[in-house]
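In our numbering, each residue's number is its place in the sequence shown (first place is 1) plus 325. Even for Gly, the Cβ is constructed at its ideal location relative to N, Cα and C. In this text the structure is predicted, and so the values were computed from the model without any measurement. Remarks on the structure that follows.
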Amino acid sequence: MAKQAKASSDDLTAEALHVAEERSLAYLRNLSHRKVYPSDSAVAALAQFHEPFPEQPSHPANVIRRLDEFGSPATVASVGGRYFGFVIGGTLPAALAASRLANTWDQNAVFRVMSPVAAELEEVVLRWVCDILGIPESCEGGLVTCATAANFTSLAAARHELLARNGWDVAADGMFGAPAIEVVVGEEVHASVLKALNLAGFGQKRVTQVPTDSQGRVRANKLPKLKKNSLVCIQAGNVNTGSFDPAGEICAWAHERDAWVHVDGAFGLWAAASPKYRHLVSGFELADSWATDAHKWPNVNYDCGLVLVRNAAALRAAMSISAAYLQPGSQREPANQTPDASRRARAIELWAALKSLGRQGLVELVERTCAYARRFAEGLREAGYDILNDVVINQVLVSFGSAEITREVMRRVQEDGTCWCGGTVWQGKTAMRISVSSWATTEEDVELSLAAICRIARQVRT
Ligand SMILES: Cc1ncc(COP(=O)(O)O)c(C=O)c1O
């Protein structure tokens with residue numbers, strides 16, 4: 326009887342997986358024929374999902390069919406080649422296929438005893454990432470959901486260490502009554518660092534903001550006098566301009582006063598992979614902690630954030646967990662490096678992505694996307710529009726005239742659906758952002774998108 330039940334549940338699984346596979350491939354094939362943003366009717370059809378909790382079970386394959394029927398049309402085609410919003414990478418073939426296998430394995434990556442393969446691959450990818458980013462391989466780290474979580478994890482390690490140097494055990498005594506820590510950030514700090522500072526109990530009012538230049542880089546000649554054991558947050562890759570803070574100068578200044586320097590390098594740090602762009606990240610290797618994302622430029626599927634910390638003991642002290650039943654082994658335990666306990670095994674897809682790219686593939690990915698960003702800037706400039714940033718990596722800011730005109734061009738570009746670009750306000754000027762972050766973007770995608778943007782901008786301005 327049990328044998329029969331097992332056989333039929335295997336059949337159900339096989340059928341559902343088969344449907345999912347077929348529908349996934351059809352989805353990918355259709356990407357270049359559909360609008361990047363879903364139609365209003367596709368979004369409206371999501372109402373189909375709103376039903377009372379079903380009393381009866383459904384056949385798994387039919388559940389997948391329904392998910393595809395109403396879910397797929399309402400997705401944003403960000404895995405295609407013409408999505409340029411936010412900083413969103415696609416999914417490399419090896420990462421997508423590995424995620425299929427990894428989901429089948431369904432490993433909990435929290436402790437080695439729960440998944441030797443997840444624990445081992447995590448160590449492998451952390452060393453590879455240190456190598457790629459030019460960070461000392463002795464750093465400790467972990468895989469988290471996103472750069473925001475990686476910023477938080479780094480700042481929690483910094484907090485632990487800086488307070489310990491002041492004779493304060495934050496794990497035991499909390500933040501109430503703790504010695505004050507001075508926090509310094511640039512004026513163009515990413516919102517996620519401010520959120521992480523809030524979460525770590527530093528408070529935004531205490532933060533000193535250093536003036537930045539026209540590209541959003543901290544002005545090294547405006548660095549304030551620093552108290553001993555402060556926390557300094559710098560940026561590798563501004564979300565708008567792609568610019569880099571002068572890390573070498575800042576680290577030298579900060580370390581003279583024993584400050585902890587944290588780098589938010591959500592996407593920009595990956596410029597280190599390319600000999601052509603490596604100079605931009607020079608000096609960032611001197612910092613004390615780094616936050617980045619593999620789901621951005623390296624094109625690993627969501628979610629895949631990374632935290633790296635020079636002082637391994639500080640990270641462990643801030644993050645470790647113990648309980649009688651958890652039985653940590655004698656080797657490195659993923660649980661002791663990040664805020665999560667149970668978690669998906671992100672290292673599997675990251676390993677697959679990096680293994681499939683190799684150094685050469687990663688260099689090509691970085692350099693190709695940067696070249697496409699320059700092509701966008703050149704084409705838009707030739708058409709008479711203002712490029713607001715120095716296009717140093719893969720980010721372009723374009724203004725089509727007044728704020729109103731730029732917003733209207735953006736609205737129509739999004740409605741047209743050839744490509745998708747978001748907006749921003751850069752130092753008081755409304756702009757459209759073009760972020761070329763996907764491995765899937767081709768020269769043809771760039772030319773098609775550029776032509777659509779220019780056509781729409783001409784229509785709006787006449
Ligand atoms: C510089 C920078 N920091 C942090 C983040 C936040 O990344 P996430 O959404 O993965 O937390 C971003 C997102 O674009 C970013 O560009």
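Rounded C-alpha distance that separates residue i from residue j
i, j, result
"R391", "D741", "27 Å"
"R780", "Y352", "28 Å"
"A386", "A345", "8 Å"
"V454", "G630", "12 Å"
"R437", "L426", "19 Å"
"F477", "K331", "44 Å"
"Q720", "Q560", "15 Å"
"E465", "L480", "14 Å"
"R657", "T663", "12 Å"
"T566", "L651", "45 Å"
"F570", "H604", "The sequence as given places Asp at residue 570; Phe does not occur at that position. Whole-angstrom Cα-Cα distance: 12 Å."
"S647", "P536", "43 Å"
"D336", "H343", "10 Å"
"A698", "V771", "9 Å"
"P379", "T473", "37 Å"
"E512", "Q529", "13 Å"
"R641", "G683", "30 Å"
"A708", "R700", "12 Å"
Closest by C-alpha distance to residue i, when choosing among the options
i, options, result
"V518", "S760, E610, T617, S762", "T617"
"L421", "G748, L679, I730, D589", "L679"
"I759", "R407, G608, S366, S333", "R407"
"D538", "K530, W751, A434", "W751"
"A443", "V717, N491, N433", "N433"
"T416", "E674, H358, F409", "E674"
"A482", "V495, P536, E733", "V495"
"R693", "E768, D711, E733, S655", "E768"
"L556", "P536, G562, R531, P653", "R531"
"G593", "E376, I413, A370", "I413"
"A643", "A489, A419, S366", "A489"
"L356", "F609, S568, S366, S397", "S397"
"M757", "F411, S333, R668, A370", "F411"
"P504", "V510, R582, R484", "R484"
"G704", "D665, G502, E733, L722", "L722"
Per DSSP, cross-strand counterpart(s) of residue i
i, result
"Q308", "Residue 308 falls outside the range modelled here, since the chain spans only 326 to 787, and no answer is possible."
"M757", "V723, G748"
"T617", "L631"
"G466", "L633"
"G511", "V535"
"D711", "S724"
Near ligand 1: residue i beta-carbon under 7 Å from a heavy atom
i, result
"D365", "no"
"S517", "yes"
"F411", "yes"
"V564", "yes"
"T298", "A question about residue 298 goes unanswered here, because the residues of the chain that appear run from 326 up to 787."
"G466", "no"
"A591", "yes"
"G630", "yes"
"D618", "yes"
"Q560", "yes"
Residue i Cβ short of 7 Å to ligand 2 heavy atom set
i, result
"T749", "Summarising the ligand content, the structure contains ligand 1 and does not contain ligand 2."
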